Amino acid sequence: MSSPWRRITTGLRRKPAVSVVVAAYNTGAPLHELARSLDGQSMPQDQFEVIVVDDGSTDGTGALLDQLAAARKNWTVRHIPNSGWPGTPRNLGISLARGEFVTFLDHDDYLGPRALETAHAYARAHHSDVVVAHEVGVGRNIGRFMFVDNVPDATFENSPIVRLLTPHKLYRRKLLDRHGIRFPEGKVRLEDHQLTMQAYFAARRVSIYVDHPFYYWTRREDSDHASSMEKDPHEYVEVAVNRVLDIVEQHTEAGTSRDALMSHWLERKLLPIVARPAMLDYALEYRQAMVDAVRQLVLERYPEHTDRHLNFSGRVRVHLLRSGHVNRMMALAREEADMTARAAATEVRWNEDSLRVRVRAVLVHRDGGPVLFHRDGQSVRWEPREAFDLSVSEAHLLEVTDDLPEASCLLNVQTRDGLVERTFRVLGGVVLEPVAGTALESTDATCVSVAFDGWAEVPATVLCGMGDGDHRLVLDLRAEFEVFGWRFLRRVSAPSGWGEAPDESREREWSGQTGLHLEAYATRYGNLSIKGPPISTPARVAVPAPPPTLQRRVVAALRRRLARLRPR
517 MSSPWRRITT GLRRKPAVSV VVAAYNTGAP LHELARSLDG QSMPQDQFEV
567 IVVDDGSTDG TGALLDQLAA ARKNWTVRHI PNSGWPGTPR NLGISLARGE
617 FVTFLDHDDY LGPRALETAH AYARAHHSDV VVAHEVGVGR NIGRFMFVDN
667 VPDATFENSP IVRLLTPHKL YRRKLLDRHG IRFPEGKVRL EDHQLTMQAY
717 FAARRVSIYV DHPFYYWTRR EDSDHASSME KDPHEYVEVA VNRVLDIVEQ
767 HTEAGTSRDA LMSHWLERKL LPIVARPAML DYALEYRQAM VDAVRQLVLE
817 RYPEHTDRHL NFSGRVRVHL LRSGHVNRMM ALAREEADMT ARAAATEVRW
867 NEDSLRVRVR AVLVHRDGGP VLFHRDGQSV RWEPREAFDL SVSEAHLLEV
917 TDDLPEASCL LNVQTRDGLV ERTFRVLGGV VLEPVAGTAL ESTDATCVSV
967 AFDGWAEVPA TVLCGMGDGD HRLVLDLRAE FEVFGWRFLR RVSAPSGWGE
1017 APDESREREW SGQTGLHLEA YATRYGNLSI KGPPISTPAR VAVPAPPPTL
1067 QRRVVAALRR RLARLRPR
């Protein structure tokens, strides 16, 4: 082939749609699972590339990576001296990437079979710069609230994108390059937050995509994952959190919007490590060092007027922290450790094209007793079992009246193997029910429990789409109940009176789906599940064609190149 034609074929060689960047260190066996998930992608192998950077592994991982890459044309492996943290290898991966989009895959995680194709198609269809694609926790709990609806144009105001800042997303590569967005290098906690927040601020459009599982985020007992290491108070609080807050301040103006955004790190990252159940297991010296570091940052960066952006539990915790009441913080931690929820389906109905479930979730203690609240007229106040020794002037801290409308409940439908899940809103509201046998000082007041009651509707098309075509379909139902800053995921029990005896009202056959017959039933533990025959789902989805204007530019460029090669 002549040199000009080589230049043509090189110029026309399609760049990858997605570059998958993996930072690996002493991974071992989980690499095979990662490789299988990439080999099994519905996106053709020549449309994406895998860039693995071995961060100085010492256990043979480097040789295994070379072996895997030798058998795969779209894999590239680089070896570097150990940097001790993911930032350096990930940044090298970005510099080597050629894809339209980049995603970051942790070395002990894996992707869903349709992950790259469906998320890339969604990004192209909506001109997204960042796609927050559906993550599924394996051995860990990821809030289902993140992945209820597709949101083509997600913002901090209309979506919870700030509550999941992992790098397991699609990022437009040109966005990262144009703005010089990279991970911090060296041992820096919350490095994912720094990169993702910069990408959010730089993006013209951020989207949430929920239709297919994109990423399986695992927790392994033997993992060398950096995030599993104990947090150093200086590195985590004084350095990492402050750096993220600096990014927020650089991109926002002072005011309510900034305060609301910055409250995320106070509510979700700082307060949980000093005033949540995990604190009970800390050594006293370490606990005090962490409390001192967090308290100092709160006093410096979170004035009291920002507390209004926190949930109820957060407001109580930050007050105790500012006051320096470590013992009362411990009492709160013990109280929260004793809480859970109970969820039940009180009604189940099959409609023409959907399943409707009435869900009731209630706050309870681990011994089964209700979490008590004191209702006096329109006022509702939490009554903890363990007294916090609050003064009269502090009694208002336990008021939850204004937080009741913020309560929410979701219905999660998940395959028995946990690999496919979809989540739906439970439309309803909070119910306050009098609790018998409780004594109150005021005869005008009532002791009540807090529950959420409402209906969730699951389209038949979604149920049908959750099968793999090879195994009998079994779906388990869970409720995610969030109220006052407490969030619980619990199996939904079947309606009272359901047993193993068949009941025609629990079954449904859809004529539109050949042979589709689903049945809601009570498991031997009394929980609600759905079963049916194997149901096949399409292995591929169509990737939207490039916009016509782009097609015209490509064709015009090709014509110009061919014209230059014609004999003159």
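Sequential numbering from 517 applies to the sequence shown in my numbering.
The C-beta atom is built at its ideal place from N, Cα and C for all residues, glycine as well.
Here the structure is a predicted model, which is why all the values come from computation and not from measurement.
Just how far apart, CA to CA, sit Leu-681 and Ser-1012? If I take the Cα positions, the gap works out to 40 Å.
Could you say if the region 661-679 and the region 589-602 meet the contact criterion of at least three C-beta pairs nearer than 8 Å? The answer is no - the region 589-602 does not touch the region 661-679, with fewer than three Cβ pairs under 8 Å.
Who are the near neighbours of Leu-837 in its chain, counting only those whose CB is closer than 8 Å to its CB and skipping five residues on each side? Excluding sequence neighbours, Leu-837 sits near Leu-787, Val-790, Ala-791, Val-807, Val-810, Arg-811, Val-814, Met-845.
Taking only the alpha-carbon atoms, compute the straight-line gap between Phe-717 and His-767 and give it to the nearest angstrom. Roughly 7 Å between the two C-alpha positions.
So, for Lys-531: in the same chain, excluding its five sequence neighbours on each side, which residues have a beta-carbon less than 6 Å away from its beta-carbon? Taken in chain order, the residues that qualify are Arg-614.
How do the region 634-654 and the region 720-727 stand: do at least 3 beta-carbon pairs fall below 8 Å, yes or no? Cβ pair count under 8 Å is three or more, so yes.
Name the one or two DSSP bridge partners that Glu-937 has. BP columns for Glu-937 point to Gln-930.
In the DSSP assignment, what are the bridge partners of Ile-596? Answer is Asp-571, bridged to Ile-596.
Does the contact criterion of 3 or more C-beta pairs under 8 Å hold for the region 925-933 versus the region 985-995? Per the Cβ contact rule, the region 925-933 is in contact with the region 985-995 (3 or more Cβ pairs under 8 Å).
Secondary structure of His-643, DSSP reduced to three states: Looking at His-643 - three-state DSSP - the assignment turns out to be coil, as it is neither helix nor strand.
By DSSP, does Arg-817 sit in helix, in strand, or in coil? If DSSP states are grouped into helix, strand and coil, Arg-817 belongs with the helices.
Coil, strand or helix - Trp-1014 by DSSP: In this structure, Trp-1014 counts as coil in the three-state DSSP scheme.
CB contact flag (Met-778, Val-764, <8 Å): At a Cβ-Cβ threshold of 8 Å, Met-778 and Val-764 count as neighbours.
Per DSSP, Lys-1047 forms a beta bridge with which residues? Within the DSSP bridge table, the entry for Lys-1047 names Val-990, Glu-1035 as partners.
Roughly how many angstroms lie between the CA atoms of Val-753 and Arg-817, to the nearest whole one? Cα atoms of Val-753 and Arg-817: separation of roughly 12 Å, rounded to the nearest angstrom.
Can you check which of these residues, Glu-996, Trp-866, Pro-1050, Thr-939, is closest to Gly-983 by C-alpha distance? Cα-wise, what sits closest to Gly-983 is Pro-1050.
Does the beta-carbon of Gly-1109 have 16 or more other beta-carbons within 10 angstroms, so that it is buried, or is it exposed? Nothing about residue 1109 can be read from this structure; the chain reaches only from 517 to 1084.
Helix, strand or coil at Leu-786 according to DSSP, with G and I counted as helix: In this structure, Leu-786 counts as helix in the three-state DSSP scheme.
To the nearest angstrom, how far is it from the Cα of Val-568 to the Cα of Gly-609? C-alpha of Val-568 to C-alpha of Gly-609: approximately 7 Å in a straight line.
Can you tell me which of the three DSSP states Glu-746 falls into? Residue state, collapsed to three classes: coil.
For Phe-940 and Val-908, what's the separation of their Cα atoms in angstroms? Distance from the CA atom of Phe-940 to the CA atom of Val-908, rounded to whole angstroms, is 42 Å.
How would you call Asp-622, buried or exposed, if buried means at least 16 neighbouring beta carbons within 10 angstroms? Within a 10 Å sphere around the beta-carbon of Asp-622 sit 16 or more other beta-carbons, which makes this residue buried.
Are Asp-708 and Pro-683 close, meaning C-beta to C-beta below 8 Å? Yes. Within cutoff.
Do Ser-1045 and Glu-998 have their beta-carbon atoms positioned less than 8 Å apart in this structure? No.
Per DSSP, which residues does Ala-877 bridge with? Please list them. For Ala-877, the beta-bridge partners assigned by DSSP are Ala-859, Phe-968.
Among Leu-948, Ala-639, Ser-723, Asp-693, whose alpha-carbon lies nearest the alpha-carbon of Ile-677? Ranking the options by Cα distance to Ile-677, first place goes to Ser-723.
Decide if Arg-705 is buried, meaning its Cβ has at least 16 other Cβ atoms within 10 Å, or exposed. The residue in question, Arg-705, is buried, as its Cβ has 16 or more Cβ neighbours within 10 Å.
If we count the other Cβ atoms within 10 Å of its Cβ and call it buried at 16 or more, is His-650 buried or exposed? It is buried - the Cβ of His-650 has at least 16 other Cβ atoms within 10 Å.
Cα separation between Glu-701 and Arg-1006? In this structure, the alpha-carbon of Glu-701 lies about 39 Å from that of Arg-1006.
Is there a Cβ of chain B sitting closer than 8 Å to that of Val-832, yes or no? Here there is only one protein chain, and chain B is not present.
With a CB to CB cut of under 8 Å and the five nearest residues on each side skipped, what residues in its chain are close to Gln-557? Closer than 8 Å at the Cβ level, and outside the excluded window around Gln-557, lie Phe-564, Leu-627, Pro-629, Arg-630, Ala-631, Leu-632, Glu-633.
Sheet register partners of Pro-950 (DSSP bridge): Per DSSP, Val-964.
If you drop the 5 nearest sequence neighbours on each side, which residues of the same chain put their C-beta closer than 6 Å to that of Asp-869? So the qualifying residues of the chain are Ala-976.
Which word fits Ala-586, buried or exposed, when buried means at least 16 other C-beta atoms lie within 10 angstroms of its C-beta? By the 10 Å Cβ count, Ala-586 comes out exposed.
I'd like the list of long-range same chain contacts for Val-978, defined as Cβ closer than 6 Å, with 5 residues on each side in sequence excluded. Listed in chain order, the non-local C-beta contacts of Val-978 below 6 Å within the same chain comprise Arg-938, local neighbours out to five positions each way being set aside.
Beta carbon of Val-1008 nearer than 8 Å to that of Ala-860: Cβ atoms of Val-1008 and Ala-860: closer than 8 Å.
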